[in-house]
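A short write-up of the structure that comes next.
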Amino acid sequence: MIRPAFGISLGVAALSLILTFAASGAWAWAAILFLYGVLWWYSEKSKKAWVPSVGLLLFTGMAASGMAAGLAKESLLLGAVMTLAAWDLDLWRQRASRASRQDNLGALMRPHLERLALVLALGYGVSWLVLSVRMELGFWWIFILAFAGVIALAKALGALQQESD
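Take the position in the sequence shown, starting the count at 1, then add 9; the result is the number in the numbering used here.
Below, the structure written as structure tokens:
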């Protein structure tokens, strides 16, 4: 279940970023993303732990630079979110390959995938909303909203941790 989900997330991430950069005429960057996507796909069998982390940095960095350059924000956002999914699933697969036979990976995999889907959906939804809505706020409003966001995130992580215990 993890392997197909990893393949789909990596494919969607790479394809959305490659097509966005290629459509803007940045063929060299599209080629770099394609080559690293292929390397990441084939490194799944070699179990190199550094490949997913470098892929996360490269793909999200390229998505951020594309947004700064004014490229299609929706496809770049999709690429960044799916890159996060591919990174998480690849590292989960690497950890699961070191698990003993007595570990019930099926019981661990389902809650992990459910949480990942929730985080990805919320992350994409909130990010899309932020990209779509333009508001002028003063410093203190931004500070209060950021503080409330940190508190809400801490509470959500605490609730997830209690649920998993």
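Note that CB positions come from ideal geometry on N, CA and C, so glycine has one too.
By the 10 Å Cβ neighbour count, where 16 or more other Cβ atoms means buried, how is residue i classified, buried or exposed?
| i | result |
| --- | --- |
| S139 | Position check: residue 139 holds Val in this sequence, whereas Ser was assumed. The residue in question, V139, is exposed, as its Cβ has fewer than 16 Cβ neighbours within 10 Å. |
| I27 | buried |
| P120 | exposed |
| S18 | buried |
| S84 | buried |
| S141 | exposed |
| V90 | buried |
| G64 | buried |
| G134 | exposed |
| S62 | exposed |
| L146 | exposed |
| A32 | exposed |
| L42 | buried |
| A157 | exposed |
For residue i, which of helix, strand or coil comes out of DSSP?
| i | result |
| --- | --- |
| E145 | coil |
| L80 | coil |
| K164 | helix |
| A22 | helix |
| M91 | helix |
| A126 | helix |
| R107 | coil |
Considering only the alpha carbon of each residue, which of the options lies closest to residue i?
| i | options | result |
| --- | --- | --- |
| G70 | R107, W50, A23 | A23 |
| V60 | L44, A73, G147 | L44 |
| D97 | L66, A157, G134, V135 | L66 |
| W50 | A77, L154, R12 | R12 |
| L48 | F68, W36, V159, A35 | F68 |
| F15 | A73, W150, A40, L125 | L125 |
So, for residue i: in the same chain, excluding its five sequence neighbours on each side, which residues have a beta-carbon less than 6 Å away from its beta-carbon?
| i | result |
| --- | --- |
| A94 | S18, L129 |
| V21 | M91 |
| L100 | P61 |
| G46 | A23 |
So, at 8 Å on beta carbons, what are the nonlocal neighbours of residue i in its own chain, with the 5 sequence-adjacent residues on each side left out?
| i | result |
| --- | --- |
| T29 | G75, L80, A81, S84, L85, G88 |
| M10 | M118, L122 |
| W137 | E83, L86 |
| S4 | With the chain represented from 10 up to 174, any question about residue 4 goes unanswered, as that position is not in the structure. |
Given residue i, which residues of its chain have a CB within under 7 Å of its CB, disregarding the five upstream and five downstream residues?
| i | result |
| --- | --- |
| W38 | F30, M71 |
Practice prompt. Write down every uninterrupted run of the alpha helix (DSSP H) in the stretch 24-56 whose length is 4 residues or greater and which is fully enclosed by it, in chain order.
Written response: 36-55
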